[in-house]
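Following: one structure in structure tokens, then a few remarks.
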Amino acid sequence: MKRLILILLLFISCRKWAPDDLDYLSARAVFNQTVFAPVMGRTTMYSQIFNTDNSSTPIQFKILNVRVKKTGEASTDLDQTVEAVVWKQAYTGFEKSLDEINAKRGKETHPIWEIRPSSGDFVLWSTTGLRAQPDSGYLFDVEAKNSGGTNVYKDLSLMPFTEQPYAPYEYDPITGKQRATYPNTNDSSIFVLQYNHPGIGGIVNDDNNLGLKSDSVRVLFHKAGNGHSVTFKFMDKDSLPIDPAKFNLTPWDSLMHGFDIQRTATGVTYQVAFPIPLMRFKTRFTNNDGSQAYVKFSFTRVGFGNLRETCTMDLSFNIYQEGDWEIIFYFRNNPRFRDE
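Residues -18 to -1, 1 to 322, numbered by mature numbering (1 follows the signal peptide of the UniProt record, and there is no 0), are exactly what the sequence shown covers, in order.
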């Protein structure tokens, strides 16, 4: 009996003085991505890029030692804060007013380049003014720690591109010049400027009744003011307006997630919230993966043989910068709307 009591006392004593179990932090835990090249002017997240290698979680992350890559000088650029718009409630795509959308969003203050402290995810919040390519950008280190130890990951790189207010974007992200195709690689003086084009289906040339190809129509994005609207305009080969009413099958009331629709003989205007689309989420206003807004304009006419034809033009796009935007479809060959 005495022996049993001694054993119990010894066990209790050992438990009392034994250290708490420590977390485990693997020396092989690693970031799967170490070079980041986001586009400024939009919020970009890099998620699930830290491989814990079975380390204990949570792990706490912190950015250290930010410096200019080409000089090695310390930099406070990434410490600046920005007022970011974040979702407080789920976006569904069925909101019926700008007020309803705005009520689901709020503003928070965040560092421009932020690491999520318990996941290792990075976020570049919508901003401008950082060193942009062709500048080599920034180097920084990351500390990852738990009670089992600390790892420091050195020389991660942030090399942002300058703002691209919409997409598809026809300007080179580094030089700012309009993209061009050089058919003769030996003669750089011969080139063709690149433009955005919509998809075309069944539309014919009014001059010769031949089918129009996609490159027969140029899509131009023009910021006309600092409000919150998108206007669709159509212009013929003489730069004269085409009445949107000619696209007589277009469901204008559900074309995009906009409100207070104004239709005139020169354009159709929607009051909208930005960015467009509001988030990457598939709705009736987006393409199949929800990454871009999708619009489709259509009309019907009677063709040869007294057959009724449906003619379409569509476009997938993004707009990241707030403003009064005009999206202009410029026909280099006039479309035929009349019946045969």
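Built from N, CA and C at the ideal position, the CB exists for glycine as well.
Asked, Found
"Beta-carbon separation (whole angstroms), GLY130 vs PHE32, contact threshold 8 Å", "No, GLY130 and PHE32 are not in contact; Cβ-Cβ is about 16 Å, not under 8 Å."
"Local Cβ density within 10 Å of THR292, reported as buried at 16 or more and exposed below that", "exposed"
"PHE203 and VAL250 closer than 8 Å at C-beta", "no"
"Cβ-based neighbour list, SER(-6), same chain, cut-off 8 Å, excluding 5 preceding and 5 following", "At SER(-6) the pLDDT is 46, less than 50, meaning the model places this residue with poor confidence; the figure from the coordinates comes in the next sentence. Correct list: empty, nothing qualifies."
"GLY207 versus HIS239 - alpha carbon distance", "20 Å"
"Cβ-based burial, SER170 [other Cβ within 10 Å; buried from 16]", "exposed"
"Residues bridged to PHE18 (per DSSP)", "LEU140"
"Under the three-state DSSP convention, the category ILE(-12) falls into", "Low confidence applies here, because ILE(-12) scores a pLDDT of 44, under 50, leaving its location unreliable; read the following figure in that light. ILE(-12) falls in the helix class under three-state DSSP."
"Straight-line gap, PRO99 to GLU90 (C-alpha atoms, nearest Å)", "16 Å"
"Backbone CA spacing between LYS195 and GLY23 [nearest angstrom]", "33 Å"
"Whole runs of the alpha helix (DSSP H) within the region 53 to 109, excluding any shorter than 4 residues", "80 to 85"
"Buried/exposed call for ILE243, threshold 16 Cβ in 10 Å", "exposed"
"Whole-number beta carbon distance between LEU297 and VAL201, since they are thought to touch under 8 Å", "6 Å"
"For GLN176 and GLU308, the rounded distance between their alpha carbons", "19 Å"
"Heavy atom of the ligand MG within 7 Å of PHE229 beta-carbon", "Ligands in the displayed structure: none, and consequently the ligand MG is not present."
"Helix, strand or coil at GLY287 according to DSSP, with G and I counted as helix", "helix"
"Reduced DSSP category for ASP296 - H, G, I as helix; E, B as strand; rest coil", "strand"
"VAL17 classed as buried or exposed, judged by whether at least 16 other C-beta atoms fall within 10 angstroms", "exposed"
"Euclidean distance between Cα positions of GLN146 and ASN300", "10 Å"
"Continuous beta strand (DSSP E) stretch holding TRP307: start and end", "306 to 313"
"Assumed close pair PRO116, ILE156 - CB separation to whole angstroms, cut-off 8 Å", "5 Å"
"ARG283 and GLY272 closer than 8 Å at C-beta", "no"
"Limits of the beta strand (DSSP E) - the one that LEU121 falls within", "120 to 128"
"Own chain, CB closer than 7 Å to residue 324, minus 5 neighbours either side, in chain order", "Here the chain comprises residues numbered -18 to 322, so residue 324 is not present and cannot be evaluated."
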